[in-house]
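Participant:
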Amino acid sequence: MDVTVRAYKTPVSVLVVVYTPALEVLLLERADRPGFWQSVTGSRNGDESLEATALRELAEETGIDGAKYGPADWDTRNRYEIYPHWRHRYAPGVTHNTEHVFGVQVPERVAVTLAPREHLAYVWLPWREAADRAFSWSNAEAIRQLPQRIAAPGGGT
Numbered sequence: 000m001d002v003t004v005r006a007y008k009t010p011v012s013v014l015v016v017v018y019t020p021a022l023e024v025l026l027l028e029r030a031d032r033p034g035f036w037q038s039v040t041g042s043r044n045g046d047e048s049l050e051a052t053a054l055r056e057l058a059e060e061t062g063i064d065g066a067k068y069g070p071a072d073w074d075t076r077n078r079y080e081i082y083p084h085w086r087h088r089y090a091p092g093v094t095h096n097t098e099h100v101f102g103v104q105v106p107e108r109v110a111v112t113l114a115p116r117e118h119l120a121y122v123w124l125p126w127r128e129a130a131d132r133a134f135s136w137s138n139a140e141a142i143r144q145l146p147q148r149i150a151a152p153g154g155g156t
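Under numbering that gives the first Met the number 0, the residue at position 118 of the sequence shown is numbered 117, and the numbers go up by one with no gaps.
What follows is the structure, encoded as structure tokens:
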């Protein structure tokens with residue numbers, strides 16, 4: 000008997016905004032939706048911590064070792080409806096995702112190694128341009144918060 004078990008994505012994810020002290024933001028173009036630009040994103044696997052999810056997704060999507068820079072949990076959660084064209088990735092009946100926002104400040108533009116199945120290109124942009132290009136409202140909003148986060152005690156990281 001052939002029994003296929005489908006592994007569905009968990010409706011808990013991370014958004015990782017990667018930026019420089021000059022507020023240049025790294026954006027990635029989605030392979031499955033050319034023209035859709037975003038920060039690093041991804042779903043939690045099993046019971047891994049949210050920080051571990053952020054570090055794993057950052058490494059998988061960009062080759063950046065986020066542990067060197069200390070990812071910061073921005074204590075921001077966004078709940079949103081999953082786009083209908085991506086719902087098949089989730090268990091039947093799952094329609095919403097909770098996204099947890101992290102920031103990773105790198106000292107300057109760093110080399111990026113894309114995961115070709117996930118992304119076509121990357122670009123470093125000034126924060127305003129990056130916010131305008133991000134297709135997701137929550138991603139754009141996180142990027143717009145950068146100037147205040149940098150000015151906060153502790154450098155926003």
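Don't be surprised by glycine CBs; every beta carbon is placed ideally from N, CA and C. Here the structure is a predicted model, which is why all the values come from computation and not from measurement.
Rounded C-beta distance between leucine 26 and alanine 129? I'm assuming under 8 angstroms.
Facilitator: That belief holds up - the Cβ atoms of leucine 26 and alanine 129 are roughly 6 angstroms apart, short of 8 angstroms.
Participant: CA-CA distance, alanine 114 and glutamate 56?
Facilitator: For alanine 114 and glutamate 56, the distance between alpha carbons rounds to 10 angstroms.
Participant: When the Cα atoms are used, what is the spatial distance from histidine 99 to aspartate 131?
Facilitator: So the alpha carbons of these two residues sit roughly 21 angstroms apart.
Participant: Mind the definition here: the stretch 46–62 touches the stretch 106–121 only if three or more C-beta pairs lie below 8 angstroms; say whether that holds.
Facilitator: A contact exists between the stretch 46–62 and the stretch 106–121.
Participant: Apart from the five residues on each side of it in sequence, which residues of its chain come closer than 7 angstroms, Cβ to Cβ, to lysine 8?
Facilitator: Answer for lysine 8: Ser42, Arg88, Tyr89, listed in chain order.
Participant: With leucine 54 and proline 70 assumed to form a contact (beta carbons below 8 angstroms), what rounded beta-carbon distance in angstroms separates them?
Facilitator: Yes, leucine 54 and proline 70 are in contact; Cβ-Cβ is about 6 angstroms, under 8 angstroms.
Participant: Where does alanine 184 fall in DSSP's three states?
Facilitator: Past the edges of the chain, shown from 0 to 156, lies residue 184, and the structure says nothing about it.
Participant: Once DSSP output is grouped into helix, strand and coil, what is the label at arginine 168?
Facilitator: Nothing can be reported for residue 168: it is not among the residues displayed for the chain, which extend from 0 to 156.
Participant: How would you write the range of the alpha helix (DSSP H) that leucine 54 sits in, first residue to last?
Facilitator: Start and end: 49–61.
Participant: Would you tell me roughly how many angstroms separate the C-alpha atoms of arginine 127 and arginine 148, rounded to the nearest one?
Facilitator: Their Cα atoms are separated by approximately 14 angstroms.
Participant: Could you check which residue in Thr52, Asn138, Ser135, Val39 has the C-alpha nearest to that of alanine 120?
Facilitator: The option with the nearest alpha carbon to alanine 120 is Val39.
Participant: Taking the C-alpha atoms as reference points, what is the distance between glutamate 23 and arginine 108?
Facilitator: If I take the Cα positions, the gap works out to 8 angstroms.
Participant: Out of Pro146, Gly65, Asn138, Ala110, point me to the one whose CA is closest to phenylalanine 35's CA.
Facilitator: Checked all of Pro146, Gly65, Asn138, Ala110; the closest Cα to phenylalanine 35 is Asn138.
Participant: On the CB-based measure, 16 or more other CB atoms within 10 Å of its CB, does asparagine 96 come out buried or exposed?
Facilitator: Asparagine 96 comes out buried.
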